[in-house]
Structures are given as structure tokens and as C-alpha cells.
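**Q** When you line the sequence shown up against the numbering used here, it's residues 186 to 378, in that order.
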Amino acid sequence: MFARTKRLLLRPGWREDAERLHAAWNDSAIRRRLTDTPASRTVDEAEAFLTAARTPLHPYFLLFARTGAAPRLIGGCGLHPTDEGTAGEARLDFWIARPFWGLGFATEAAAAAIRAARAGGLPPVTARADADNSAALHVLAKIGFEPVGRDGNRPCPVDGPRRPRLLLRDSGATPARADSAQELYRSRPPLAA
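(1) If ALA208 and ILE215 are in contact, beta carbons under 8 Å, what's the gap, nearest whole angstrom?
(2) For the segment 230-237 against the segment 285-305, do three or more pairs of beta-carbon atoms, one drawn from each stretch, fall closer than 8 Å, so that the two count as touching?
(3) With DSSP as the reference, identify every bridge partner of HIS243, one or two as the case may be.
(4) Taking Cβ to Cβ, would you say ARG257 is nearer than 7 Å to THR311?
(5) Can you tell me which residues form a DSSP beta bridge with PHE279?
(6) Sort out for me which residues DSSP pairs ALA334 with in a bridge.
(7) Can you round the beta-carbon distance between ALA298 and LEU195 to whole angstroms, since I take them to be within the 8 Å contact cut?
(8) Roughly how many angstroms lie between the CA atoms of GLY198 and PRO266, to the nearest whole one?
(9) Looking at the unbroken alpha helix (DSSP H) that takes in THR292, where does it start and where does it end?
(10) Assign VAL333 to buried or exposed, taking buried as 16 or more other Cβ atoms, counted over all protein chains shown, within 10 Å of its Cβ.
(11) Taking the beta strand (DSSP E) that LEU325 falls in, what are its first and last residues?
(12) What residue does the alpha helix (DSSP H) around ALA203 start on, and which one ends it?
(13) Between which two residues does the alpha helix (DSSP H) holding ARG217 run?
(14) To the nearest angstrom, how far is the alpha carbon of PHE290 from that of ASP278?
(15) For PHE234, which three-state DSSP category applies?
(16) Is PHE187 helix, strand or coil when you go by DSSP?
(17) Note down, in chain order, each residue of its chain lying with its Cβ closer than 6 Å to the Cβ of LYS327, except the 5 sequence neighbours on either side.
(18) Among all the DSSP beta bridges, which residues are the ones paired with LEU193?
(19) My understanding is that LEU264 touches ALA316, with C-beta atoms under 8 Å, so please give their C-beta distance in whole angstroms.
(20) Would you list the one or two residues that DSSP bridges to ARG313?
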């Protein structure tokens, strides 16, 4: 599954992306915040993540800037099956490489992923965010997520302390066909002869 927004191409990761993904994930600021996507310790682990089986209801996208030059990896965004394993349910996860923080890419990508999932029939999605991660909480609020409780504490893979984590649920407010992320999936009238 592919999607695009005004500034981003969202596509599945390929083996060729493993080195760039590994480098991005191993920035300590990124590893500190990843909640559902494991930060790989090796390029082989990044490649294994990229080649893992996915379903249409649980895609994982790498985010690339839409430019005329060589593609630039901006981040990643995915829908993972919930820990509870309930069929069809998913949890949203996203990250943005440090040079691109504060530019709105996380909001753009997460909204596109939710719209693509909803177009595919996925019910409302959940998300987790560290209680002290105001940037992630802001992104989730902007795309219609609401806090529904705490999701325990998680150990930080970088500095060790346990971080309180919040659980949020998609309110369903993000319409399925409100932007160009869906233009690849819309039916088009036949071309005139």
C-alpha cells in the first residue's frame, strides 16, 4: 500500500532502506521515544523489520519527502496489531527523524495512515505516547485522538527509567477521503475516447 500527501510519499520499506532506517532509529532522541517500533541494534534487524509480513489492515510506511531530488527519509508510521490481539484492531506508531522535527510531517503522515486504514475498513485505532512527550500528544490530538487512560509504564531503551505512558483512541473524526492521500484509491471515470 502506498499513499501520498502534499509533501510526503508513504510507502512500504524495502531491503535497500535498511541502512538509512538503522541510522535514523539509532539516534538516541528517536530511540528514547519509540513505543511500538523496536529500535534496531543492527542493519540486519532493521532489514528484518522492513521485510516482516504485514497485512493491508496493519501497514508500516516509511516517509519520504516528495522532491525532485533523491528521496529523503523523513520518518516512519505504522499500524500494528494491538497487544490484546483483537482481530482488526490496530495501534498507531510514528516517528520523525530529528532534522525534520517541528515541521508538521508527523501530523501529515499519521493522518494519511489513519485515512488509508479507514478506507480499508479498519475500525478506530489506538495509540500510545509517553506522558511527557508533548509533541506526540499534540500530533495525536490534532488528528482526532483522545486520551482514554494510562497504559502503564515502559522502560526507556536509552536511559533506563520507566516512563508513564498514556493510551489514546481515535475518535473517528478524521474523514476517510478528505485529502490527496486517498487519490490513489478513488474510482475514476473512464477516459473519453
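Glycine residues also receive a C-beta, built at the ideal position from the N, C-alpha and C atoms.
**A** Taking the structure as given:
(1) Along the sequence shown, read from residue 1 onward, the residue named residue 208 stands at position 23. Along the sequence shown, read from residue 1 onward, the residue named residue 215 stands at position 30. Actually they are not in contact, since the Cβ atoms of ALA208 and ILE215 sit about 10 Å apart, beyond 8 Å.
(2) no
(3) Translated into positions along the sequence shown, residue 243 becomes position 58. In the DSSP output, where bridge partners are listed per residue, HIS243 has THR240.
(4) As a working mapping, residue 257 is identified with position 72 in the sequence shown. As a working mapping, residue 311 is identified with position 126 in the sequence shown. Not closer than 7 Å, so no.
(5) Residue numbering aside, residue 279 sits at position 94 when the sequence shown is read from its first letter. Bridge partners of PHE279: CYS262.
(6) Along the sequence shown, one-based indexing puts residue 334 at 149. As written in the sequence, residue 334 is Gly, which differs from the Ala given in the question. Answer is LEU352.
(7) On the sequence shown, residue 298 is found 113 positions in, with the first residue counted as 1. On the sequence shown, residue 195 is found 10 positions in, with the first residue counted as 1. That pair is a contact at about 7 Å.
(8) For the purposes of this step, residue 198 is identified with residue 13 of the sequence shown, where counting begins at 1. For the purposes of this step, residue 266 is identified with residue 81 of the sequence shown, where counting begins at 1. Going from the Cα of GLY198 to the Cα of PRO266 covers about 18 Å.
(9) Numbered from its first residue, the sequence shown carries residue 292 at position 107. 290-304 is the extent of the alpha helix (DSSP H) around THR292.
(10) Position 148 of the sequence shown, counted from the first residue, corresponds to residue 333. Exposed, since its Cβ has fewer than 16 Cβ neighbours within 10 Å.
(11) As a position in the sequence shown, residue 325 is number 140, starting the count at 1. Per DSSP, LEU325 belongs to no beta strand (DSSP E); it is in the alpha helix (DSSP H), 319-327.
(12) Residue 203 sits at position 18 when you count from the first residue of the sequence shown. Taken as a continuous stretch (DSSP letters only), the alpha helix (DSSP H) holding ALA203 covers 203-210.
(13) Looking up residue 217 in the sequence shown gives position 32. It spans 213-218 - the alpha helix (DSSP H) in which ARG217 sits, taken as one unbroken run.
(14) As a working mapping, residue 290 is identified with position 105 in the sequence shown. As a working mapping, residue 278 is identified with position 93 in the sequence shown. One C-alpha to the other measures close to 14 Å.
(15) Counting from 1 along the sequence shown, the entry for residue 234 is found at position 49. Note: PHE234 maps to helix in three-state DSSP.
(16) Counting from 1 along the sequence shown, the entry for residue 187 is found at position 2. Note: PHE187 maps to coil in three-state DSSP.
(17) Here residue 327 refers to the residue found at position 142 of the sequence shown. These residues qualify, in order along the chain: THR292.
(18) Indexing the sequence shown from 1 puts residue 193 at position 8. Its beta-bridge partners are ALA250.
(19) As a first step, residue 264 must be located in the sequence shown, where it is residue number 79. As a first step, residue 316 must be located in the sequence shown, where it is residue number 131. No, LEU264 and ALA316 are not in contact; Cβ-Cβ is about 22 Å, not under 8 Å.
(20) Here residue 313 refers to the residue found at position 128 of the sequence shown. Partner(s): LEU352.
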